[in-house]
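These notes concern the structure reproduced below.
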Amino acid sequence: MSSIADKFKKFLPLGGDNVSMRADSAAAMTLDNIETVQTPEERTVLVRRDSVYEPGADPALEAEPASPGRNEDIPLADPTGGVPPAAVGAVRSLRSNPARQQRVLAIVLAAVVLLLLLVAGSAILRAERLAQQVASSGQALMQSQRLAKSVSQALVGNVPAFTEVKESSDDLTRRVQGLANGDDALKLERVGSQYDAELATITPLVERADKSAKAVLAQQKILTQVGTALRDINRQSSDLLEMTETVASLKMQQNATLPEISAAGQLVMLTQRIGKSANEFLTVEGVSPDAVFLLGKDLNTFQEVTRGLLEGSSQQRLPGSRDPQTRQQLEAILKTYEQTRTQAGAILGNLQGLVAAREAQAAILADSEPLRKALGDLQEKLSARTGLGAGTVVMLFVLSLAALALAGAIGFVQVREGRERALAAERERLEAQRLSEDAGRVNAANQAAILRLMNELQTVAEGDLTQEATVTEDITGAIADSVNYTVEELRLLVGNVQNTATRVAHTTAQVENTSTELLAASTEQLREIRETGQSVLTMAERINGVSSQAQESATVARQSLQAASSGLQAVQNAIGGMNSIRDQIQETSKRIKRLGESSQEIGEITELISDITEQTNVLA
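Mapping the sequence shown onto the numbering used here, position 497 (from 1) lands on 567, and the numbers just tick up by one.
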C-alpha cells in the first residue's frame with residue numbers, strides 16, 4: 071500500500087524545467103484568482119488547474135504600480151504644435167485604427183476607379199461616335215464615286231446599273247443627312263458645328279446628285295430601249311457594211327456606169343456614218359441637234375440610193391440592176407435597213423427623255439469631283455479627332471496614378487498593421503514569458519513547502535497519530551493546520567471506535583441468546599402453518615366442486631336463453647306476417663271499393679247509352 075507522500079508526488083512535476091515554465095503550458099498549473107499571502111521575503115501566489123491566463127484579461131495584473139522615481143509629474147512639450155484638440159483626436163483616432171484607414175482609402179479608391187471608368191467610357195463612346203462618323207463619311211465618298219460610275223452604265227441601258235444608281239443615291243443622301251442631323255438606325259450622331267462649312271458645301275452637291283439620279287431612274291424604260299436599239303444598230307451596221315461592199319464589188323465586176331459605182335460607194339459611206347452617228351448617243355457629250363439631223367438624213371439618203379440601184383432612178387441617173395445576185399444583195403440591204411430604221415425610230419422618238427437623262431448624267435459627273443473633294447476633306451478632319459484628346463489623356467493618367475497611389479497606401483496600411491500586430495504579439499509573448507517565470511519561481515517555493523509537509527505526514531501515514539505537522543506562513547501552512555486538526559480528531563475517533571467495539575461484543579452475546587429462543591418459536595410456528603395449509607387445500611377442493619356445478623348451471627341457463635330468443639324471433643315473425651296480411655286486406659278492400667265505384671260509373675254510362683239508344687230509336 072502506497073503512502074500519502076507517494077500519492078502527493080504523483081501530482082508534482084519533477085525536474086528543473088518547472089522553474090522556466092511558459093505561459094502556453096499553464097493548463098496544468100495556472101494562477102488562481104491572484105490570491106496572495108504577503109511575507110517579508112517573497113510574494114506567494116496560489117495556483118490551480120482549472121483557469122488559463124490570458125494577456126489583457128485582467129488589467130490589474132499587467133498594470134505596474136507607479137514608482138516615486140518615475141517622471142509622470144514632469145511637464146512634456148506639446149507635440150500638436152497648437153492644433154485644436156478635436157482635430158488632433160481625429161487624426162490620432164484615424165492613425166490608431168488601421169481598419170478605418172483601410173475603409174477610407176478603399177472608399178476613395180472606389181470613387182477614383184469609378185471616375186476613371188466614367189472618363190474611359192466617355193472617351194470610348196466619343197471614339198466610337200467619331201469612328202461611326204468617319205466610316206459614314208468614307209461610305210458616302212465611296213457611294214458618290216459609285217454613283218458617277220453607275221449612272222454612265224445606266225445611260226447605255228445596263229439594267230443592273232439602275233439598281234446601283236438607286237442604292238448609291240439613297241445611301242449617299244442618308245449618310246450625309248445622318249452626319250448633318252443624326253441617324254439612330256445607323257447609330258450616327260450629328261457632327262459638331264465646326265463642320266458646318268464642309269456640310270454647307272456637301273449638302274447642295276448631294277441634293278443635286280440625288281435629284282439627277284432620280285431623273286435618270288425616271289427614264290429607265292427609255293434608256294433601256296435606246297440601249298437595246300443602239301446595240302442592234304451597231305450589229306446591223308456591220309452587216310450593212312459587208313453587204314454594201316459586196317454590191318460595190320459586183321458593180322465593179324459588171325463594169326457598171328459611173329453613177330452606179332458612185333452610188334454603191336455612197337452606200338458604203340452612209341453605212342459607216344449611220345453607225346458613227348448612232349454611237350454618238352453613247353458619248354459623254356450626249357445628243358446634239360446636228361447628230362440627230364445627220365442620222366435622219368443619212369437614213370433617208372441610204373433608202374433612196376438603195377432603191378435607185380435596185381429599181382432605177384432618173385433623178386440619180388441610175389438604170390437599175392438586172393443581175394440577180396446584185397438584186398438579191400440590194401433586197402437584203404433594204405430588209406436590214408428596215409430593221410435599222412425601226413431601231414433608229416425608237417431612238418429619235420425618245421430624244422426628250424434621252425436628253426434629260428444625259429443632262430442628269432452630266433450634272434452628276436460635273437459634281438462628282440467637288441463632292442469627292444469635300445467628302446475627303448470632311449473625312450480627314452473627322453479622322454484627325456478620332457484619337458484621345460490631351461485633356462482626356464492627362465485625366466486618365468492622373469486618375470490612374472491616383473488609383474495606384476491609393477492602392478499602394480492601402481498596401482502600406484496593411485503592412486504597417488501587420489507590423490503593429492507582430493509587435494503587439496511580441497510584447498504579449500514577452501509579458502507572458504515574464505509571468506510564466508514569476509509563476510515558476512512561485513511554483514518552486516510551493517513545491518518545497520509541499521515536499522516538507524509530505525515528509526512530516528509520512529509518520530502520520532505509518533500510523534503514528536501523535537505526530538503533528540509544522541504550521542508556517544507558506545502555502546502549506548493552512549494545509550498543515552488542517553492536517554493537525556484532522557489527526558487530533560482521528561485520535562478521538564479511534565478511542566471512540568475502541569469503546570464502541572467493547573459494547574458491540576457484549577450486545578452480540580445477548581443477541582445470540584435471543585436468536586436461540588426465536589429458533590424454537592419459529593419451529594412451532596412452522597408446524598402450525600403446515601396444518602393450516604392442509605386445511606386450505608381441502609377447502610380449495612370443495613370450492614372447485616362448487617365451481618363445476620356453477621358452470622353446469624350456467625350452461626343450462628345459456629341454452630334456456632337461446633330457446634327464449636328463438637321463441638321471441640318466431641313471435642316477432644308471426645306478428646310481422648299478421649301485419650303484412652292486414653296491409654294486404656286493407657289494400658284489397660280499397661281495390662274492391664274502387665271496383666264498386668267503377669261499376670257504378672259503368673252503370674251510369676250504360677244508362678246513358680240506353681237513353682241515347684232510345685232517343686236514337688225515337689229519331690229513327
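Glycine included, every Cβ here is placed at the ideal spot set by N, Cα and C.
Just so you know, these numbers come straight off a predicted model, no measurement behind them.
Per DSSP, the beta bridge partners of D253 are L258. Annotation for S650: the continuous alpha helix (DSSP H) segment containing it runs 547 to 689. F372 places its beta carbon less than 9 Å from that of I344. With a cutoff of 9 Å on beta-carbon distance, A255 and L269 are scored as not near each other. DSSP, reduced to helix, strand and coil, places S319 within a helical segment of the structure shown. Within the segment 182 to 235, complete alpha helix (DSSP H) segments of at least 4 residues are not found at all. Within the segment 375 to 450, the complete alpha helix (DSSP H) runs of at least 4 residues fall at 394 to 419. The alpha carbon of Q203 has as its nearest neighbour, out of V261, D241, G446, the alpha carbon of V261.
Taking C-beta atoms under 8 Å as the contact rule, Q306 and T406 qualify, at a distance of about 6 Å. Rounded to whole angstroms, the gap between the alpha carbons of A402 and N304 is 17 Å. Under the three-state reduction of DSSP output, E490 falls in the helix class. The C-beta distance from G227 to L293 rounds to 5 Å, short enough to meet the 8 Å contact threshold.
Leaving aside the five residues that flank N614 on each side, none in its chain has a CB nearer than 7 Å to its CB. Just so you know, the alpha carbons of A224 and E429 end up roughly 13 Å apart.
When DSSP states are grouped into helix, strand and coil, Q342 belongs to the helix group. Separation of F482 and L493 (C-alpha to C-alpha, rounded to the nearest whole angstrom) is 16 Å. Boundaries of the alpha helix (DSSP H) harbouring E268: 266 to 288, taken from the DSSP string. Closest in C-alpha terms to I177, from the list E277, A472, L242, I434, comes A472.
Under the criterion of beta carbons closer than 8 Å, L369 and A299 do not qualify as touching, at roughly 13 Å. Judged by DSSP in its simplified three-state form, V541 adopts coil rather than helix or strand. Rounded to the nearest whole angstrom, the C-alpha separation of D253 and Q449 is 18 Å. Remark: three or more beta-carbon pairs, one from each stretch, lie closer than 8 Å, so the segment 531 to 541 and the segment 550 to 565 are flagged as touching.
Here the segment 229 to 248 lies against the segment 203 to 214, with 3 or more beta-carbon pairs under 8 Å apart. Around the beta carbon of E408, fewer than 16 other beta carbons sit within 10 angstroms, so the residue counts as exposed. Comparing C-alpha distances from E330 to each of F232, G382, L562, A201 shows the shortest one belongs to G382. Rounded to the nearest whole angstrom, the CA to CA distance from Q670 to Q654 is 24 Å. Judged by beta-carbon spacing, M465 lies beyond the 9 Å limit of V182, meaning their Cβ atoms are not closer than that value. Burial state of Y555 is exposed, judged by a 10 Å Cβ sphere holding fewer than 16 other Cβ atoms. The alpha carbon of M339 has as its nearest neighbour, out of T376, D437, F363, the alpha carbon of T376. The three-state secondary structure of Q171, taken from DSSP, is helix.
Within a 10 Å sphere around the beta-carbon of I272 sit 16 or more other beta-carbons, which makes this residue buried. In terms of Cβ geometry, S220 and L452 do not form a close pair [threshold 9 Å]. Straight through space, the alpha carbons of K660 and T686 are spaced by roughly 38 Å.
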